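Take a look at the structure set out below.
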Amino acid sequence: MILFSAAFRVLVALLTQSYFQPDEYFQALEPAHRYVFGYGHLTWEWVNPEPLRSMLYPALNVPVYWLLKVSGLDVYPSLVIAGPRVLHGLLAALTDVWVPKLASVVLDDASTRGIADRAVISYLLSITSFFHSLSLSRSLSNSLEVSLTTIALGYFPWDVLVTSSLPDLRKLRRSTVFAGIACANRPTNAIIWIYMFSVLFWRLRGNATYLAYILRDTVCIGLTVFLAVFTLDTWFYGRPTSTLMNFLLVNASPVSSFYGSSPWHYYVLQAFPILCTSALPFVLHGLWLAFAKPGSKLHIMAGCIVWTVFVYSFIGHKEWRFLHPLLPMMHILAAESIVQLIHGQEARHARPISRTPATWSKLQFVIPLILLLSIPASFYVVFFHCTSQIEVMSFLRQLPNDNSTTVGFLMPCHSTPWQAYLHRPDLAQPGKMWALGCEPPLGLQNHTEYRDQTDVFFESPISYIKSHFPVHVDPTFPLSPFAFSVANATFIQALRAIETQSGSWDLGWQHEWPKYAVFFGALLEEPGMRTLFEVNGYIEVWKGGWRWGGEGKRKGGVRVWAYGGMGNTTDISS
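My numbering puts the sequence shown at residues 349 to 922.
In C-alpha cells form, the structure reads like this:
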C-alpha cells in the first residue's frame with residue numbers, strides 16, 4: 349500500500365498539466381527558487397512591511413533546488429520543475445497511507461472483517477478522489493495540511509473520547525506535534541484542534557492529573573513549534589518576524605475579502621459537493637449514521653466536520669481547498685455508509701438487515717459504478733483543464749537569450765507560473781519580464797472603492813495601453829521602468845494619499861512595449877485590441893487552449909504575440 353500510494357501520487361504530480369491555484373507557485377516554489385538561485389517573484393505577502401508568509405512550507409523545496417544546483421542539473425529546467433513535484437507527490441501519499449489507519453481506529457467497534465472492509469474502502473475512496481487528483485499532489489500548503497491533519501488524527505486518543513480509558517501520552521504527543529506543525533503551516537487548521545481537544549478535555553475533566561500532563565505537553569509543543577517558526581522567519585526576513593500573528597491580523601481584517609467574498613452557504617452548497625463529488629451521497633448517509641450513534645467515535649468525527657464547516661462559513665474569503673483537510677474524514681464516513689449498505693447492518697444494531705440476493709447484487713454493482721464516475725473528471729482536471737497557462741511557459745523558456753527579449757503579461761495577476769517554471773536568470777532583471785499586479789488595499793480605511801492595477805487595466809485595456817505605453821514600439825525593447833507596484837511602505841503611503849485626496853487609483857505605471865506580449869484570448873475580443881497590436885507590428889506566434897476554456901478575463905486560451913516588424917505607424921494616442 350505504501351509503495352503503491354507513493355508511486356501513484358508521484359505519477360499524478362509529474363503528469364499534471366493543468367493550472368489550479370497561483371499559490372501553488374507563488375507561495376511555495378517562487379520563494380524557494382529565489383532563495384536558492386537568487387531570483388524569483390515575491391508577492392505582496394512576502395514584501396509587505398509586516399510579512400504574512402512563513403518560509404516553513406517553501407523551505408521544503410529548498411533541499412531539492414539546492415541538490416539540483418550543486419550537482420549542475422539545474423541546467424535542465426524539466427528537472428527544476430519535476431523535483432518539487434516528486435517531493436509533494438510523496439507528501440501527498442501520506443494521506444492515502446494514513447486514511448485506512450485512521451478508519452481502523454475510528455471504526456473499531458465493528459467486527460474484524462468489518463474494520464478491514466471499511467479501511468480498504470476508505471483507501472479506495474482516497475485514491476480515486478476527484479479533489480485529491482486536482483489538489484493533493486500540488487505544492488499547496490493546504491495539501492500538506494491534509495496529510496499532517498490525517499496523521500495527527502491517526503495518533504489521537506479516540507478511545508478516550510468514548511470510554512473511561514486514559515490516553516497513551518506518547519501517542520498523544522505525536523498527535524500534538526503533527527497538529528502543531530499543521531497549524532504552523534496553515535494557522536486556520538487550529539479550528540479542527542480546538543474542537544478535538546475540547547472534547548478530549550471534557551472527557552478527562554474528572555482526572556486533573558492527566559489534564560495537567562496534556563496541558564503541559566500541549567503548551568510545550570506549541571511553544572516549541574511557534575519559536576521554531578519565529579526563528580526561521582526572523583532569519584529569512586532579517587528582522588524579528590511573527591508571520592503567524594501577521595497572518596491572523598490581516599485575515600481578520602477586510603483585506604482578506606479583497607480577493608473574493610462568498611455567502612455563508614458557499615461551503616455547504618458548493619465546496620462540499622466539489623470535494624466529495626460522486627461520494628457525496630455516501631458521505632451524507634455516513635453523517636446520518638454517525639449522528640444516529642451519539643457518543644461514538646464516528647459521531648465525534650462528524651461533529652468535527654460540522655464544527656469546522658460552521659466556523660469557516662463565517663470567514664468572508666472562501667475557497668474549496670480550505671476544507672480539503674476534512675476530506676479524509678468524509679471518506680471514512682462514506683466507507684461506513686458503503687459497508688452498511690452492502691452488508692446490511694443497521695446504524696444502531698449489529699444485526700443484518702434482510703435483503704434479497706437481487707438487491708444485494710444490485711448494490712454491489714451500483715455503488716462502485718457511482719464512485720467510479722469521478723475518474724473521468726479526475727483525468728480532465730489533471731490533463732486538460734487550463735493547460736495553456738502551463739504550456740506557455742515551455743514556449744517562453746525557449747525564447748532567445750539576448751538583450752532584446754522582453755516579456756509582458758497582460759493578464760489578471762498570477763495567471764501563470766513564474767521563474768520556478770522558466771528558470772531564466774536573464775529574464776529576472778527588473779522590467780525585463782513583468783506582469784500586472786493585484787496588491788490589496790493595505791492601510792486603507794475604506795476598501796470598497798479601491799482598484800488594483802489589474803482592475804485599472806481591464807476597465808479599459810485600450811485606454812490603459814494608450815496612457816501607459818509609448819506611442820511607438822522601440823525595437824531595442826528597453827526595460828519597463830515601472831511595470832507594477834511593490835507592496836512596501838511607499839506603496840502604502842501612496843494609497844493613503846490617494847484615499848485622502850479622492851484621486852485615481854492609477855499609480856502611474858510605465859511600460860515599454862515588450863518583444864513578446866502574453867495574454868488570454870478574451871483580450872483580443874476587446875474592440876480595437878487586435879488592430880492595436882497589428883498596427884504596432886505584432887503577430888501571433890503561439891496559442892494554446894480552447895476558445896471556450898476558462899471564464900471571464902481568463903477565457904479563450906493563452907496567446908503570445910511577438911513584435912515582427914514596424915507594422916503600421918499610426919499614432920495610437922489619437
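C-beta atoms are modelled at their ideal positions from N, C-alpha and C, and glycine is treated no differently.
Every value quoted in this text rests on a predicted model; they were computed, and no experiment measured them.
Beta-bridge pairing of residue i - partner residues as DSSP gives them
i	result
V908	V866 and W890
G437	Answer by DSSP bridge pairing: none, since G437 is not bridged.
A776	Bridge partners of A776: none, in fact.
A783	F757
Q858	F830
First and last residue of the uninterrupted alpha helix (DSSP H) at residue i
i	result
M677	L675 to H691
M544	A538 to R551
E847	A837 to Q849
P724	S722 to F731
G502	S489 to Y503
E393	W392 to V395
N533	L517 to N533
Y561	A556 to Y585
Y383	E378 to F385
D507	W506 to V510
Q767	Q767 to L770
Run of the beta strand (DSSP E) containing residue i, from where it starts to where it stops
i	result
A619	No beta strand (DSSP E) holds A619; DSSP gives it neither H nor E.
M741	Premise fails: M741 lies in the alpha helix (DSSP H), S736 to R745, not in any beta strand (DSSP E).
Outcome for residue i when other beta-carbon atoms lying within 10 angstroms are tallied against a minimum of 16
i	result
E874	exposed
T838	exposed
V616	exposed
Q767	buried
I350	exposed
R518	exposed
C568	exposed
A355	exposed
H672	buried
F817	buried
D750	exposed
W583	exposed
Own chain partners of residue i with C-beta closer than 8 Å, once the 5 adjacent residues on each side are dropped
i	result
L362	A430, R433, V434 and G437
V603	P788, P789, L790 and H795
T476	L719, L720, S722, I723 and S726
V740	T764, V866, W890, G892, V906 and V908
R696	Below a pLDDT of 50, predicted positions are generally treated as unreliable, and R696, at 40, falls in that range; no measurement from the model is reported.
E860	T754, G779, F817, P818, D822, F825, P826, L827, S828 and P829
Three-state secondary structure (DSSP) of residue i
i	result
A355	helix
V755	strand
F595	helix
I810	helix
P642	coil
E873	helix
R902	helix
Y798	coil
V412	helix
Q375	helix
F825	coil
R669	helix
V819	coil
L404	coil
P700	Only weak support is given to the placement of P700: the predicted model assigns it a pLDDT of 48, under 50, and the value that follows is read from those uncertain coordinates. Looking at P700 - three-state DSSP - the assignment turns out to be strand.
S485	coil
G431	helix
E398	coil
I663	coil
Residues near residue i by beta carbon distance below 7 Å, same chain, minus five either side
i	result
K863	S752, T753, T754, F825, A910 and Y911
V804	Y812, W853 and D854
I715	I686, L689 and I690
I663	none
W894	G905
L450	T498, L501, G502, P676 and I680
E745	It is Arg, not Glu, that sits at residue 745 in the sequence shown. Counting only Cβ-Cβ distances below 7 Å, and skipping sequence neighbours, we find P425, L770 and R772.
Contacts around residue i, its chain only, beta-carbon distance under 6 Å, and the 5 residues preceding and following it disregarded
i	result
F478	T625, S722, A725 and S726
Y367	C734, Q737 and I738
F757	A783 and V866
D465	V687
T364	V730
P406	A376, P379 and A380
F881	W909
W394	R401
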